[in-house]
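In the working numbering, the protein residues as written are 268 to 360.
Glycine residues also receive a C-beta, built at the ideal position from the N, C-alpha and C atoms.
Model, not experiment: these values are computed from the prediction.
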């Protein structure tokens with residue numbers, strides 16, 4: 268499972284897509300037992316490692332702790348690394 272998740276995130280990140288809500292509810296298995304990443308409602312296109320974003324949509328308990336605290340003031344734009352946050356969530360899962 269860990270290898271499939273890492274490969275899936277690597278593929279998404281190579282397309283400059285950050286999922287932004289990696290958690291068990293968003294990880295499905297196909298009939299062959301391969302893991303699939305689902306629910307891209309929080310996903311965002313990123314221009315590089317750090318991106319200027321307004322707000323953060325991760326799920327508490329699965330998301331990197333810094334961004335959730337950092338973005339409590341949702342009306343402000345901040346420099347943030349959603350790709351690194353995906354990796355953190357992958358480790359939590």
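Item: Grouping DSSP H, G and I as helix and E and B as strand, with all else coil, what is residue 350?; Value: helix
Item: In the structure shown, what three-state DSSP assignment does residue 359 receive?; Value: helix
Item: Evaluate residue 270 with the Cβ neighbour count: other Cβ atoms within 10 Å of its Cβ, from every protein chain shown; 16 or more gives buried, anything less gives exposed.; Value: exposed
Item: Would you call the CB atoms of residue 357 and residue 302 closer than 9 Å?; Value: no
Item: At which residues does the alpha helix (DSSP H) containing residue 278 begin and terminate?; Value: 269-281
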